[in-house]
Amino acid sequence: MSKYLIRRLLGLIPLLIGISFIIYALLNMVPGSPADQFQVSPTLLPEDRERIIENLGLNEPWYLRYFSWISNVVQGDLGNSYVNFVPVWVTLKAALPNTLILSGTALTFALVLSIPIGIISAVYRNGVFDRIATIGSTAFFSIPSIWLGLLLIILFSVKFQDWGLYALPTGGTHSFRGESGFLDRLEHLILPAFTLGVVQLAGWTRYIRASMLEVIRQDYIRTAEAKGLKQRVVLLSHAFRNALLPLVTLIGLTIPDLFGGALIVENVFAYPGIGQVTINSLTQSDYSVAMGAIMMLAFLTVLGNLIADVLYGVLDPRVRLT
Amino acid sequence: MTEQVQATTSAPGRSQPLGDALERSRLRSTPGFYRRAWKRFRKDKVAVVALFIAAVIVVFSFSAPLVSELTGYSYITSDLRNKLLAPGEGGHLLGTDGNGRDILTRLAYGGRVSMTVAVLALISAFTIGATMGSVAGYYGGIVDSFLMRFVDIVIAIPGITLLLLLSVWFRPGPTGLAFVIGGLAWTGISRLIRGEVLSLKNRDYIDAARIVGASNRRIIMNHIFPNVVSIAIVWMSLALPGLILYEAALSYLGFGVQIPNPSWGNMLEEANDFYRDSWTFVFIPGFAIYLSALCFNLIGNGLRDALDPRLNE
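Quick note, the sequences are listed as chains L and F, same order. If you count by my numbering, then the first sequence holds residues 1 to 322, one letter each, in order. If you count by my numbering, then the second sequence holds residues 323 to 635, one letter each, in order.
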């Protein structure tokens, strides 16, 4: 087990190096440079501009800069922003918790609802509940989150306010004045987390239903029923625990979708997370921040997959990790 | 073949009923795999309805100039005195947008762009993925592990950020955008095809073909390829809605199809500024995206059920 873990952790290193190299190369081959922002000033002399470029280290070819970038990263230094010269890590540290809270809430919401729905659908297969759940999950699965987000804003923020009802805020994480604290935070989280969670919910319901159907057919379920166990016991402690196994891997695999979705949802709700940092840095040619943000997401994705694989081995004794 | 059957049926000593049965089975030649699949697909009412709606959307989008002719409005001329009209007002069937342009006309033009981008992206993703997957699966060994590590890397980068990056780089028009999306969406199909080819190439019938002296080319084209086609069809129909959503997301974020070229995604972006004033302006382009994504998903589900040989009657 520990041998497997060490081998997998070592395997992460070339993977992360590969990812960072590709992103760094792409970022630096993009036309336009962080130095372009200084061209706006008419009083800036050409030689000053040259000096700024040299100070930023932008006169060197990108592959040489990649090596200095990665040796700094290994020492825990992600560099400074090219636009406001704040250390990249400071920007990321401010945004990362917001993204994690948003995606974590969405994932929890999706799992908490999809597990009972999936189980009930599978047990009463082709029943009324199953039909409704299947139609619902199909309908929500292809909903564009931008559209859903905007419609929710229109209904719960704009129309509710017009109708004199309790209206939810349209975006951000805090109110600018007045009340703050947990409830205020929650108010701002409801709409974006719901938007992000609904698409996940639809996908998870399908998977859990399929996974349960697969397990229910197994011989040991029939044995458990033949022993005269209560249906609740058979379903929850025999069937569901085994149906859960593929889901652990799936949680790992859906992490990229979750972050990708969070990026869009953050934009719709002006929610200050990693996605917003990424988009802003890309529009401002602030490549050091963009590099840091994209690598952060990639790192979390890779780590999530690793944890899922390892957990699978821990949970399922039939899988031997060597 | 036919002569043989006739020869056996007319052979002396055979009982009459068996001869009849053989004769009947010869006349009622079994329909082919795809004919049977189509028959199964037609039984799936939801999928058939979805196919019909999708066809209507495609026809509506690709006859955009005709729609413009019928509504009497151009998709690009602003009319600021009549902006943000509700559906039905002033002869605009679906109302007008923030610049007073007819939404119905723009929806058709936008659909044409969105559909074209999605389909081109699908074709390019499939070409890359199928090539990568079949090469990796057929040759195996070091080629396989190299290509699959590359797939791992592409998968680990959150797709949308890579798309944003590539769009910043190329500042592409609609066609370029399609290839950028396609350059990223190929990982799924490459893994599917690799897995299938890997399992097919060790089957007995492939060995048999090789023993008979079939060339690599013949084995790939005649014995492996037909088995991969149904996977490819199902993947395509299930990937298309994802690509439509990708185009919409990119255009919404301002990295995709650029204004004044309409696409469903950037119509939604423009509508974003007016959500307090006109909810129909937000609702309509988003609904078009949703409806087409939903229909292609349902068609994909129907095709998967129809083409899965394990569910054969």
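Virtual Cβ for every residue (Gly too), placed ideally from N, Cα, C.
Extent of the continuous alpha helix (DSSP H) to which residue i belongs
i: residue 597 of chain F; result: Here residue 597 of chain F belongs to no alpha helix (DSSP H), and DSSP marks it neither H nor E.
i: residue 266 of chain L; result: 241-268
i: residue 70 of chain L; result: 62-74
i: residue 360 of chain F; result: 355-365
i: residue 638 of chain F; result: Because chain F spans 323 through 635 in this model, residue 638 of chain F falls outside it and cannot be assessed.
i: residue 568 of chain F; result: 547-574
i: residue 192 of chain L; result: 182-216
i: residue 521 of chain F; result: 509-522
i: residue 127 of chain L; result: Where residue 127 of chain L is concerned, there is no enclosing alpha helix (DSSP H), given that its DSSP letter is neither H nor E.
i: residue 24 of chain L; result: 2-29
i: residue 47 of chain L; result: 46-56
i: residue 223 of chain L; result: 219-226
i: residue 165 of chain L; result: Premise fails: residue 165 of chain L is in no alpha helix (DSSP H) and is neither H nor E.
i: residue 283 of chain L; result: 274-283
i: residue 411 of chain F; result: Where residue 411 of chain F is concerned, there is no enclosing alpha helix (DSSP H), given that its DSSP letter is neither H nor E.
i: residue 304 of chain L; result: 287-315
i: residue 527 of chain F; result: 526-534
i: residue 389 of chain F; result: 386-393
Paired residues, beta bridge with residue i - DSSP
i: residue 424 of chain F; result: F/418
i: residue 87 of chain L; result: L/80
Proximity below 8 Å, CB of residue i to CB of residue j
i: residue 603 of chain F; j: residue 593 of chain F; result: yes
i: residue 235 of chain L; j: residue 112 of chain L; result: no
i: residue 99 of chain L; j: residue 313 of chain L; result: no
i: residue 491 of chain F; j: residue 29 of chain L; result: yes
i: residue 24 of chain L; j: residue 62 of chain L; result: yes
i: residue 442 of chain F; j: residue 504 of chain F; result: yes
i: residue 452 of chain F; j: residue 621 of chain F; result: no
i: residue 211 of chain L; j: residue 246 of chain L; result: yes
i: residue 173 of chain L; j: residue 185 of chain L; result: yes
i: residue 608 of chain F; j: residue 144 of chain L; result: yes
i: residue 160 of chain L; j: residue 191 of chain L; result: no
i: residue 364 of chain L; j: residue 44 of chain L; result: Since the first residue shown for chain L is 1 and the last is 322, residue 364 of chain L is missing from the structure and cannot be characterised.
i: residue 151 of chain L; j: residue 605 of chain F; result: yes
i: residue 110 of chain L; j: residue 204 of chain L; result: yes
i: residue 78 of chain L; j: residue 88 of chain L; result: yes
i: residue 381 of chain F; j: residue 455 of chain F; result: no
i: residue 171 of chain L; j: residue 239 of chain L; result: no
i: residue 58 of chain L; j: residue 293 of chain L; result: no
i: residue 555 of chain F; j: residue 444 of chain F; result: no
i: residue 553 of chain F; j: residue 515 of chain F; result: yes
i: residue 640 of chain F; j: residue 502 of chain F; result: Given a span of 323 to 635 for chain F in the structure shown, any question on residue 640 of chain F remains unanswerable.
i: residue 557 of chain F; j: residue 436 of chain F; result: no
i: residue 260 of chain L; j: residue 309 of chain L; result: no
i: residue 432 of chain F; j: residue 584 of chain F; result: yes
i: residue 243 of chain L; j: residue 215 of chain L; result: yes
i: residue 448 of chain F; j: residue 541 of chain F; result: no
If contact means a Cβ-Cβ distance below 7 Å, which residues of the segment 234-262 of chain L contact chain F? With the criterion set as a beta carbon lying under 7 Å from some beta carbon of chain F, the members of the segment 234-262 of chain L are 256, 259, 260, in sequence order.
Which residues, in chain order, does the segment 455-475 of chain F contribute to contact with chain L at a C-beta distance below 9 Å? Cβ contacts with chain L: 471, 472, 474, 475.
Positions along the segment 290-302 of chain L whose CB lies within less than 7 Å of some CB in chain F: For the segment 290-302 of chain L, the residues whose beta carbon sits under 7 Å from a beta carbon of chain F are, in order, 294, 297, 298, 301, 302.
Which runs of the alpha helix (DSSP H), 4 residues or longer, sit entirely within the segment 134-159 of chain L? Taking 4 residues as the shortest admissible run, the segment 134-159 of chain L contains the following complete alpha helix (DSSP H) segments, listed from N- to C-terminal end: 145-152.
Members of the segment 416-441 of chain F that neighbour chain L once the beta carbon cut-off is set at 8 Å: For the segment 416-441 of chain F, which is checked against every Cβ of chain L, not one residue is closer than 8 Å.
Contacting positions in the segment 92-114 of chain L - beta carbon closer than 7 Å to chain F: Correct list: empty, as no residue qualifies.
Chain F contacts made by the segment 260-288 of chain L, where a contact means CB separation under 7 Å: Result list: 260, 263, 264, 267, 278, 279, 282.
Residues in the segment 502-521 of chain F with C-beta within 9 Å of chain L's C-beta atoms, listed in sequence order? Correct list: empty, as no residue qualifies.
Closer than 7 Å, Cβ to any Cβ of chain F: which residues of the segment 153-187 of chain L, in chain order? Hits within the stretch, in order: 153, 154, 158.
For the segment 595-611 of chain F, which residues have a beta carbon sitting closer than 9 Å to at least one beta carbon of chain L? Within the segment 595-611 of chain F, 597, 598, 601, 604, 605, 607, 608, 609, 611 place their CB atoms closer than 9 Å to a CB of chain L, listed in sequence order.
May I ask you to list, following chain order, the residues of the segment 545-566 of chain F that have a beta carbon less than 8 Å from some beta carbon of chain L? The residues in question are 563.
Which ranges does the alpha helix (DSSP H) cover as unbroken runs of at least 4 residues, wholly within the segment 420-499 of chain F, from first to last along the chain? Listed in chain order, they are 425-461, 463-478, 481-492.
Tell me which residues of the segment 195-207 of chain L have at least one Cβ-Cβ distance to chain F shorter than 9 Å, keeping chain order. For the segment 195-207 of chain L, there are no residues whose beta carbon sits under 9 Å from a beta carbon of chain F.
Check each residue of the segment 121-143 of chain L: if its Cβ is closer than 8 Å to any Cβ of chain F, include it; give the result in chain order. Flagged, chain order: 138, 139, 141, 142, 143.
Give me the subset of the segment 59-86 of chain L whose CB atoms are less than 8 Å from a CB atom of chain F, sorted by chain position. From the segment 59-86 of chain L, no residue has a Cβ closer than 8 Å to chain F.
For the segment 567-583 of chain F, list every residue whose C-beta sits within 7 Å of some C-beta in chain L, in sequence order. Within the segment 567-583 of chain F, the residues whose Cβ lies closer than 7 Å to some Cβ of chain L are 567, 570, 571, 574, 575, listed in chain order.
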